[in-house]
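Residue numbers (this note's numbering), protein chains in the order written: chain L, 3 to 343; chain A, 7 to 452. By construction, the Cβ of each residue, glycine as well, lies at the ideal position given by its N, Cα and C atoms.
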């Protein structure tokens, strides 16, 4: 008989290290070409905590408020306190004492919702992130001065600067010195280096171990179906079938479809980032679009709108061009919207 | 020959003993069998037998054998009917899934790997968990570039053609999100291992050693950190330790024998073995060599571990040793008493798996599990454990020891030091309770 299953017998595997070989042919080092200055400038946009990489510019709280209401408020709320689309950026729970110490005391309070301004220690992070990734549906579309203005407005929402403040590359270090959680980080832990010292190590006890074996937490019956019918989430044959957590006869496939367009198309093409079936999100709801164009044979028009983007039909919030949507998906979405069902 | 056990045929129906309501079993255990309870027992047994009639009673033949099945009597489909092969239609349940309510948007979200249904140590690329920060993109590889700049003698640009022409390595490594098991810090929150541990995968990654590219660019030997940056809308950035960069990091284009899937960063991503997934920057477009950490968004606002004293641990990166039983696991059901092969996964970001132990009594006693080789550094290791279920309530746990001697802690040990609000890096021992009806639940002990 085979003896592969003998307990404790491990397969020995030799893994060569990835250390640098010194004997590569010289020609290998000719692959790749020097980057031009313009290329480096186009991509090297990061701003470090010491503000290396920060471009010159300035923006006021006042300018920031206008931009905020136009481009940011729809997701973050007028005052950065919305919890609808993202976690709150600011909730007004930073104290003068926090500003003094550079440690946000309420981070120790489990009842307090953690906001961005409570957590972040470096102002560079906020500038860098807005510049590279915001707005949500049109990243990298902001001018440098606009980023300054938006950061200024956000700081004012947190009462870190006054309403007449103008943030610039010349005074940003002074604002850094006021960041409420600037002293709130530590790298004194074992998880930065592969050779770091663990802070918690388990026991090697194998018999009569002194552990609590009372069940102190479990998922109550009423919540067992919160993730859908678990029976449908494993193989329906084999040794470990799933527990029926939905009433018999009610399976995932039996649920009412929300629309006649495959939801996967809307999700995979990013439509659902800004639109939902009912109710305005960033853009108008699918239902509103259907109602507006009902009976107008608008499929071609809508295809163009999706592909090329637009602004003004539904308000000032621009829809970016969705050029990546493949033709068949584009047609499916446009036909679905135009058909109005 | 096997016994023709009544529930041998695929266990489609529970064994008679599993037809008893738990309350009745408990009542009989406590008070013995009186006339009323005897009647209930008879009724339950009759129901069970009736349910099985026509199926596979010992004396009957299996219709799936004696009636030659249709697939044995037809001409099968042509080659290349599916030019890119797909799983059987009978495997439709085995898909990535979102945890309802976990995130407000579908673009900055997670779809979890169905660990309860995968085997061995390789995660099928199509089931590899997804974690994006601003949606995923499908990049034209002919227009993708990798730039290396910063503290280098010459900033360089590489095309995919050039990268794929360079000496390649293929290595198997686990990839775990730093927030895997995050929902379980406070209490049992999600029902299955897909949601508790499904931000975990094992893959073979192919690409160019990062050390070779850094050497090519002439990196300054005083450099201590790198910034890795993506080409997607979020252009996500993370600081990488030079220690990791020069050791075993790979600029990868291949995953499990094919190009990366778009959801995994096609055509190029960083692989930083042993380090949390957020650092394996997808759609990699730029590496900057520097001399200080960068405090990126995902190093200050997120991916910082809040401690009870209000301090946030920054740049927590290494995934410490962890293990979990994947079957039987939460949401599954045992259909009869008898033999089961408990199976699960173990891994360590600091080395390889040395030992896995399993407890069937909530951690009171432990026995060593069988390692299903090969055992590779910073890679998932499969373990198996023989178990005979006697029908009583059972608390299953697994515990890994890695090559540094580190032992996976109990949840109470972890929480006593870190509290329960740190979100990231929860590598506590997982408990599954098998109740008397065979149903398996996610529980926590204290």
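DSSP state of residue 179/A mapped onto helix, strand, coil: Reading the second chain from its first residue, position 173 is the one you call residue 179/A. Reduced to three states, the DSSP call for residue 179/A is strand.
message: For the structure I just gave you, are there three or more beta carbon pairs, one from the stretch 66–73 of chain L and one from the stretch 263–279 of chain L, closer than 8 Å?
response: Result no; under three Cβ-Cβ pairs closer than 8 Å.
message: Just list the residues that DSSP pairs residue 261/A with in beta bridges.
response: Locating residue 261/A in the second chain gives position 255, where the first residue counts as 1. DSSP, once it has assigned bridges, lists 211/A, 264/A as partnering residue 261/A.
query: With a cut-off of 8 Å, does the C-beta of residue 261/A fall near any C-beta of chain L?
result: In the second chain, residue 261/A corresponds to position 255, counting from 1. No, residue 261/A lies away from the interface with chain L (no Cβ there is under 8 Å from its Cβ).
Meets three-Cβ-pair contact criterion under 8 Å: the stretch 319–336 of chain A and the stretch 75–87 of chain L: no
- prompt: For residue 345/A, which three-state DSSP category applies?
  reply: Here residue 345/A refers to the residue found at position 339 when the second chain is read from its first residue. Three-state DSSP puts residue 345/A in a strand.
- prompt: Nearest-angstrom Cα distance between residue 183/A and residue 189/A?
  reply: Taking the second chain and counting its residues from 1, the one referred to as residue 183/A is at position 177. Taking the second chain and counting its residues from 1, the one referred to as residue 189/A is at position 183. Their Cα atoms are separated by approximately 13 Å.
- prompt: Using Cβ-Cβ distances below 9 Å, what residues of the stretch 137–162 of chain A are close to chain L?
  reply: 139, 140, 141, 142, 143, 144, 151, 152, 153, 154, 155, 156, 160, 161, 162
- prompt: Taking only runs of the beta strand (DSSP E) that begin and end inside the stretch 224–297 of chain A, which ones reach a length of at least 3 residues, in chain order?
  reply: 231–236, 243–247, 256–261, 275–277, 290–296
field: Sheet register partners of residue 169/L (DSSP bridge)
entry: Position 167 of the first chain, counted from the first residue, corresponds to residue 169/L. Looking at the DSSP assignment, residue 169/L forms a beta bridge with 61/L.
query: If we ignore side chains and look at the alpha-carbon of each, how far apart do residue 142/L and residue 132/L end up?
result: In the first chain, counting from the first residue as 1, residue 142/L sits at position 140. In the first chain, counting from the first residue as 1, residue 132/L sits at position 130. Each residue's Cα considered, the two are about 8 Å apart.
- prompt: Is the Cβ-Cβ distance between residue 333/L and residue 305/L less than 8 Å?
  reply: In the first chain, residue 333/L corresponds to position 331, counting from 1. In the first chain, residue 305/L corresponds to position 303, counting from 1. Against a cut-off of 8 Å, the Cβ pair of residue 305/L and residue 333/L comes out as a contact.
- prompt: Who are the neighbours of residue 215/L on chain A, taking C-beta pairs under 8 Å?
  reply: Here residue 215/L is taken as the residue at index 213 of the first chain, counted from 1. Ordered by position in chain A, the residues that pass the 8 Å Cβ test against residue 215/L are 367, 368, 369, 370, 401, 451.
- prompt: How would you call residue 45/L, buried or exposed, if buried means at least 16 neighbouring beta carbons within 10 angstroms?
  reply: The sequence position of residue 45/L within the first chain is 43, counting from 1. Buried, because 16 or more other Cβ atoms sit within 10 Å of the Cβ of residue 45/L.
- prompt: Does any residue of chain L bring its CB to less than 8 Å from the CB of residue 328/A?
  reply: The residue given as residue 328/A occupies position 322 in the second chain. It does not: the Cβ of residue 328/A has no partner Cβ on chain L nearer than 8 Å.
query: In chain A, what lies closer than 9 Å to residue 226/L by C-beta?
result: Locating residue 226/L in the first chain gives position 224, where the first residue counts as 1. 197, 337, 447, listed in chain order.
- prompt: Are at least three pairs of beta-carbons, each pair with one atom in the stretch 279–298 of chain A and one in the stretch 238–249 of chain A, less than 8 Å apart?
  reply: yes
task: List the residues of chain A whose Cβ lies closer than 7 Å to the Cβ of residue 277/L, in chain order.
output: Along the first chain, read from residue 1 onward, the residue named residue 277/L stands at position 275. Residues of chain A passing the Cβ test: none, with the nearest at roughly 12 Å.
field: Helix, strand or coil at residue 438/A according to DSSP, with G and I counted as helix
entry: As a position in the second chain, residue 438/A is number 432, starting the count at 1. In this structure, residue 438/A counts as strand in the three-state DSSP scheme.
Beta carbon proximity, residue 303/A to chain L, threshold 8 Å: For the purposes of this step, residue 303/A is taken as residue 297 along the second chain, with counting starting at 1. Yes, contact with chain L.
- request: Have a look at residue 257/L and residue 226/L and give me their C-alpha separation to the nearest angstrom.
  value: Along the first chain, one-based indexing puts residue 257/L at 255. Along the first chain, one-based indexing puts residue 226/L at 224. Low local confidence applies: a pLDDT of 40 at residue 257/L is under 50, so the model's placement there is unreliable, with the coordinate-based value given in what follows. Straight-line measurement puts the Cα of residue 226/L at about 18 Å from the Cα of residue 257/L.
- prompt: Mapping DSSP to helix, strand and coil, what is residue 395/A?
  reply: On the second chain, residue 395/A is found 389 positions in, with the first residue counted as 1. Strand.
field: Cβ shell of residue 137/A (< 6 Å), same chain only, five flanking positions each side left out
entry: In the second chain, residue 137/A corresponds to position 131, counting from 1. The residues are 116, 183.
- prompt: What residue does the beta strand (DSSP E) around residue 153/A start on, and which one ends it?
  reply: Counting from one through the second chain, the residue named residue 153/A turns up at place 147. First-last of the beta strand (DSSP E) with residue 153/A: 151–156.
query: Near residue 65/L, which residues of its chain fall below 6 Å by C-beta distance, leaving aside the five closest residues on each side in sequence?
result: Start at 1 with the first residue of the first chain, and residue 65/L comes out as number 63. Same-chain partners within the cutoff: 151.
Cβ of residue 113/L within 8 Å of any chain A Cβ: Within the first chain, the letter at position 111 stands for residue 113/L. With 8 Å as the cut-off, residue 113/L does not count as an interface residue toward chain A.
- prompt: Are three or more beta carbon pairs between the stretch 164–176 of chain A and the stretch 399–419 of chain A nearer than 8 Å?
  reply: no
- request: Give the residues from the stretch 177–204 of chain L that approach chain A closer than 7 Å (Cβ to any Cβ), ordered along the chain.
  value: 186, 187, 188, 189, 191, 193, 194, 195, 196, 198, 200, 201, 202, 203, 204
message: Distance check for residue 251/A and residue 235/A, CA to CA, integer angstroms please.
response: Translated into the one-based positions of the second chain, residue 235/A becomes position 229. Translated into the one-based positions of the second chain, residue 251/A becomes position 245. Looking at the two C-alpha atoms, the distance is approximately 14 Å.
query: So who's on the other strand from residue 36/L, going by DSSP bridges?
result: Position 34 of the first chain, counted from the start, is the residue given in the question as residue 36/L. Residue 36/L pairs with 162/A.
field: Cβ pair residue 428/A, residue 312/A closer than 8 Å
entry: Here the question's residue 428/A lines up with position 422 in the second chain. Here the question's residue 312/A lines up with position 306 in the second chain. Closer than 8 Å, so yes.
message: At the level of alpha carbons, what is the spacing between residue 447/A and residue 373/A?
response: Counting from 1 along the second chain, the entry for residue 447/A is found at position 441. Counting from 1 along the second chain, the entry for residue 373/A is found at position 367. Taking the straight line from one Cα to the other gives about 22 Å.
message: Considering Cα atoms alone, identify which of 426/A, 291/A, 441/A is closest to residue 315/A.
response: One-based indexing of the second chain puts residue 315/A at position 309. The shortest Cα separation from residue 315/A among 426/A, 291/A, 441/A belongs to 426/A.
query: When we look at the beta-carbon of residue 436/A and count the other beta-carbons within 10 Å, is it buried (16 or more) or exposed?
result: Residue numbering aside, residue 436/A sits at position 430 when the second chain is read from its first letter. With 16 or more other Cβ atoms within 10 Å, it is buried.
query: Do you know whose CA, among 302/A, 380/A, 384/A, lies nearest residue 130/L's CA?
result: By one-based count along the first chain, residue 130/L stands at place 128. Measuring from the Cα of residue 130/L, the nearest candidate turns out to be 302/A.
field: Through-space distance from residue 164/L to residue 269/A, alpha-carbon basis
entry: Translated into positions along the second chain, residue 269/A becomes position 263. Translated into positions along the first chain, residue 164/L becomes position 162. Going from the Cα of residue 269/A to the Cα of residue 164/L covers about 43 Å.
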